[in-house]
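Residues in the sequence shown are numbered consecutively from 2, following the working numbering.
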Amino acid sequence: MDLGLEGKKAIICASSRGLGRGCAEALAEAGCEIVLNGRDEAVLSETKAAIEAAHKVKVTSVAADVSTREGQEALLAACPNPDILVNNNGGPPRRDYSELDRAAMLDGAIQNFITPVELIQAVAPGMQERGFGRIVNITSLSVRMPIEGLDLSSGARAGLTAFLAGVCRQLAPHGITINNLLPGKMDTDRLKGGFTRAAEQTGKSVDQVRAAQAAEIPAQRFGTAEEFGQTCAFLCSRQAGYITGQNILMDGGLFPSAF
């Protein structure tokens, strides 16, 4: 399918690896000019080279922490007028709510609520002038289904979801859509780290933990960064111009709900 994105400019935050990289690769495949972001310059450089070689599009990399003003300014300097913004950022580490202090809670809110709002504030006016914009926020299944120890991440991302539910309707008349992608158990480094932690706690092997968790998912497998990225690219397409304010679960059916 031609997604109508040839020549569009896309900023994808936290895209040197994992789900962010999956989104960058899918948008590059669709013909977008890509701005990559990450904090590890070596990983970022490898991702840039791989996408350039595979898709023959312009790729710019920005090594920065997107949660900081300096990081945001560097991204926007690399691409002052993006047509597409994919908000993504690492979540706070797993921690019981009783262990959270004020500083940790403020950091979580900055990472997963304030930062994406600030970036939307920066790019939306230009999108309005051009009459086209696609904003996709990578949040989490935990927004819909609480996960023990991820309360801070869940709360910040749920706050972002509620905040943008009104904003997306303000921007819809200008050809701008805002949607959220909610990943469940995706086959990423973060998930693999969870397998290791669970194996240490239970005395089971990593393979046993992995198999048991996959068996809990109706699809009987974990999601991939590639299929996640392709869904993101569709939400950015011309065909998805009538989809806005939606929370798209990508969890293989793990969350049991009819609506």
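Note that CB positions come from ideal geometry on N, CA and C, so glycine has one too.
Nearest neighbour of M2, chosen from V168, L151, C169 and A31 [CA to CA]: A31
Nearest residue (CA-CA) to A50, options A65, A29 and V67: Comparing Cα-Cα distances from A50 to each of A65, A29 and V67, the minimum goes to A29.
Assumed close pair L120, Q73 - CB separation to whole angstroms, cut-off 8 Å: Between the beta-carbon of L120 and that of Q73 there is about 6 Å, and that keeps the pair under the 8 Å contact cut.
Segment limits, beta strand (DSSP E) that includes P184: I177 to P184
Candidates F164, L153 and H56: closest to N138 by CA position: F164
Spatial neighbours of I13 in its chain, beta-carbon cut-off 6 Å, leaving aside the 5 residues before and after: G21, C24, A25 and V87
Close-in-space but distant-in-sequence residues of the same chain around E262 (CB under 6 Å, 5 per side omitted): Residue 262 lies beyond the stretch modelled for the chain, which goes from 2 to 260, so this question has no answer here.
Opening and closing residue of the beta strand (DSSP E) in which T61 lies: Taken as a continuous stretch (DSSP letters only), the beta strand (DSSP E) holding T61 covers V60 to A64.
Through-space distance from R135 to Q240, alpha-carbon basis: 12 Å
Whole-angstrom distance between A78 and S258, CA atom to CA atom: 43 Å
Cβ-Cβ separation, N181 to T197 (assumed contact under 8 Å), whole Å: Contact doesn't hold; Cβ gap of about 29 Å is too wide.
Option nearest I148 by Cα separation, candidates L255, Q247, A234 and T178: L255
Local Cβ density within 10 Å of Q112, reported as buried at 16 or more and exposed below that: By the neighbour-count rule (16 or more Cβ atoms within 10 Å), Q112 is buried.
Which of helix, strand or coil DSSP assigns to K10: DSSP, read as helix, strand or coil, puts K10 in strand.
Runs of alpha helix (DSSP H) wholly within the stretch 114-141 (minimum 4 residues, chain order): If we require 4 residues or more, the alpha helix (DSSP H) runs fully inside the stretch 114-141 come out as 116-131.
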